[in-house]
Amino acid sequence: MPNNLVDRDAAAFFHQEGSSPCISALRAAEGMWLEDVDGRRFIDLHGNTVHHIGHRHPEVVAALKRQLETLPFSPRRFTNEPAVALAEKLLARWPGAPARVLFATGGSDAIEIALKLARVATGRHETISLEGCYHGHGFGAFGLSEARPDARLGPLLPGRWHATPYWAPERGPERMLEDMRHAFAQSDGGITAVIAEPIRSNCHVPPAGLWQEVRRLCDEHGALLIFDEIPSGLGKTGRFFAFEHVGVVPDAVVMGKSLGGGILPIAAVIADARLNVAPELDLGHYTHEKNSLTALAALTTIEIIERDGLVERAAELETRIIARIAELARQTPTIIGVRGRGLLLAVEFDPAACGMTAGPEFTARLVSACMAGGLSTTAKGPASMGFSLPMTVTDTELDLVFEKLERAAGVVQSTSAAPASESSIGLA
Numbered sequence: 000m001p002n003n004l005v006d007r008d009a010a011a012f013f014h015q016e017g018s019s020p021c022i023s024a025l026r027a028a029e030g031m032w033l034e035d036v037d038g039r040r041f042i043d044l045h046g047n048t049v050h051h052i053g054h055r056h057p058e059v060v061a062a063l064k065r066q067l068e069t070l071p072f073s074p075r076r077f078t079n080e081p082a083v084a085l086a087e088k089l090l091a092r093w094p095g096a097p098a099r100v101l102f103a104t105g106g107s108d109a110i111e112i113a114l115k116l117a118r119v120a121t122g123r124h125e126t127i128s129l130e131g132c133y134h135g136h137g138f139g140a141f142g143l144s145e146a147r148p149d150a151r152l153g154p155l156l157p158g159r160w161h162a163t164p165y166w167a168p169e170r171g172p173e174r175m176l177e178d179m180r181h182a183f184a185q186s187d188g189g190i191t192a193v194i195a196e197p198i199r200s201n202c203h204v205p206p207a208g209l210w211q212e213v214r215r216l217c218d219e220h221g222a223l224l225i226f227d228e229i230p231s232g233l234g235k236t237g238r239f240f241a242f243e244h245v246g247v248v249p250d251a252v253v254m255g256k257s258l259g260g261g262i263l264p265i266a267a268v269i270a271d272a273r274l275n276v277a278p279e280l281d282l283g284h285y286t287h288e289k290n291s292l293t294a295l296a297a298l299t300t301i302e303i304i305e306r307d308g309l310v311e312r313a314a315e316l317e318t319r320i321i322a323r324i325a326e327l328a329r330q331t332p333t334i335i336g337v338r339g340r341g342l343l344l345a346v347e348f349d350p351a352a353c354g355m356t357a358g359p360e361f362t363a364r365l366v367s368a369c370m371a372g373g374l375s376t377t378a379k380g381p382a383s384m385g386f387s388l389p390m391t392v393t394d395t396e397l398d399l400v401f402e403k404l405e406r407a408a409g410v411v412q413s414t415s416a417a418p419a420s421e422s423s424i425g426l427a
């Protein structure tokens, strides 16, 4: 048996893109920091978008310890105080008509709950989603994500229509609306819902008025509008709900990832109460649907966000980070600028300044330079890297992030020889 933890992982787990084999093994996480088993520390600019309040927040840990001593689990035929309080807390933040909630253990499952609600409410089953987006890995959620999945997976969600995303070059927003109009016109079974991220997790911000037109199309054709805020909700964009930026209230929103405080897995569907039309069906029959422990993690997370003004903090930092990136771009030819909202950001680079072209080879080199310099991040497109900090980041910590970013940009510019790969990012 291998002795190295990464090697043991590779020998034990099925291999799949993005998670196995792993690049390193962690032993600690706190705030914006990750520490691997060799003692190397990294500022987490990715965090799978769970670290809105930082890793291992002490108040969430303390609350969970108390809950473990009283009610660590609640069978789903029973309710409990944390689950009801969490539902009430989310509904109190909802800006639309009266709503209701359902919980699940992950975003993929919550997306499929939203799909079930839409189907039973409309009597239809076809969907429109944006090509290139990601909504999860259940057969339904993955079908929304992949316009052309690997044939080996077989059939996924039937009745899928994929529209050109608004961030596509050459008339992206106009083509997106044209594709949606075509789908509504040509659909035989009828469109039950448009499902999309209001602000793309790759940090592409939609043009003004786009989602209002999509809302109008949905209303005209009797379809629902479902927003996926699994990575972007809970204040990360500088608003509690990301859809508050786009001037549209959806019929349902799905939240997850950071909802459990970056500690426990929980997701939620908040939807118009008028969709409460199928009490005889199992729409989200999950063993941990009203788990007292996961619900308390989420409730405590929201209370921290509200008490500490973290939504406002994300909005404030967006303005400051944009200004600092612009200043850095004037000094560093590899950096072009930044896109996104709040702390859901991506830094854009110029591969030509490094003698390279945009694509996987360039982003592999970029991620490699960042990781070697103590910044854990991922590619966000062919020439960008994620810049997703927790909303709890301090001004001093932000200064350190920029010092490391500037150094990494210099390394990228000076090293354009042999191609980099995900397995050679300086962690071995």
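With numbering that gives the first Met the number 0, letter number 77 in the sequence shown gets 76, and the count goes up by one each step, no holes. The beta-carbon is built from N, C-alpha and C at its ideal position, and this holds for glycine as well.
Counting only residues of its own chain and dropping the five nearest sequence neighbours on each side, Leu-44 has a CB closer than 7 angstroms to the CB of Leu-374, Ser-375, Thr-376, Gly-385, Phe-386, Ser-387 and Leu-388. Rounded to the nearest angstrom, the Cβ distance from Ser-231 to Ile-198 is 5 angstroms, consistent with a contact under 8 angstroms. Where Arg-26 is concerned, the enclosing beta strand (DSSP E) starts and stops at 25-29.
A check of alpha carbon separations from Glu-219 across Thr-333, Phe-183 and Gly-237 identifies Phe-183 as the nearest. For Ile-110, the enclosing alpha helix (DSSP H) covers residues 106-121. Counting the other CB atoms within 10 Å of its CB gives Glu-87 a total below 16, which places it among the exposed residues. The alpha carbon of Ala-27 has as its nearest neighbour, out of Ser-19, Gly-38 and Ser-18, the alpha carbon of Gly-38. For Asp-271, the uninterrupted beta strand (DSSP E) segment begins and ends at 266-271.
Using a 10 angstroms sphere on the CB of Gln-412, the tally of other CB atoms reaches 16 or more, which defines it as buried. Distance between Ile-229 and Gln-330, taken at the CA atoms: about 36 angstroms. The C-alpha of Thr-163 lies about 14 angstroms from the C-alpha of Thr-126. Leaving aside the five residues that flank Val-276 on each side, the residues in its chain whose CB is nearer than 7 angstroms to its CB run, in chain order, Val-119 and Ala-120. In this structure, Leu-342 and Lys-256 do not form a Cβ contact; the two beta carbons are roughly 14 angstroms apart against a cut-off of 8 angstroms. Residue pairing by DSSP places Glu-125 opposite Ile-190 in a beta bridge. The Cβ-Cβ distance between Pro-205 and Gly-95 does not fall below 9 angstroms. For the pair Ser-367 and Ala-378, the Cα-to-Cα distance works out to about 10 angstroms. Spatial neighbours of Phe-77 in its own chain (CB-CB distance under 8 angstroms, excluding positions within 5 residues in sequence) are listed in chain order as Lys-289. Gly-171: member of the alpha helix (DSSP H) spanning 171-185, first to last residue. Val-268 places its beta carbon 9 angstroms or farther from that of Ala-84.
Judged by their CB atoms, Ile-110 and Gly-139 are nearer to each other than the 9 angstroms cut-off. Membership of Leu-33 in the beta strand (DSSP E) is indicated by the continuous run 32-35. Bounds of the beta strand (DSSP E) holding Leu-343 are 343-348.
Taking Leu-298 as the centre and dropping the five residues before and after it, the same chain places the C-beta of Pro-81, Ala-84, Leu-85 and Lys-88 closer than 7 angstroms to its C-beta, in chain order. Scanning His-14, Glu-16, Arg-147 and Ile-22 for the CA closest to the CA of Asn-3 turns up Ile-22. Taking Asp-108 as reference, the option from Gly-339, Val-253, Glu-326 and Met-175 with the minimal CA-CA separation is Val-253.
Leu-176 is positioned such that its CB atom lies closer than 9 angstroms to that of Glu-212. In the structure shown, the three-state DSSP call for Gly-221 is coil. If you compare the alpha carbons of Phe-226, Leu-309, Leu-295 and Ile-320 with that of Tyr-133, the shortest gap goes to Phe-226. The DSSP-derived three-state label of Leu-101 is strand. Comparing alpha-carbon positions, the option among Gly-261, Thr-362, Val-36 and Asp-398 lying closest to Leu-327 turns out to be Asp-398.
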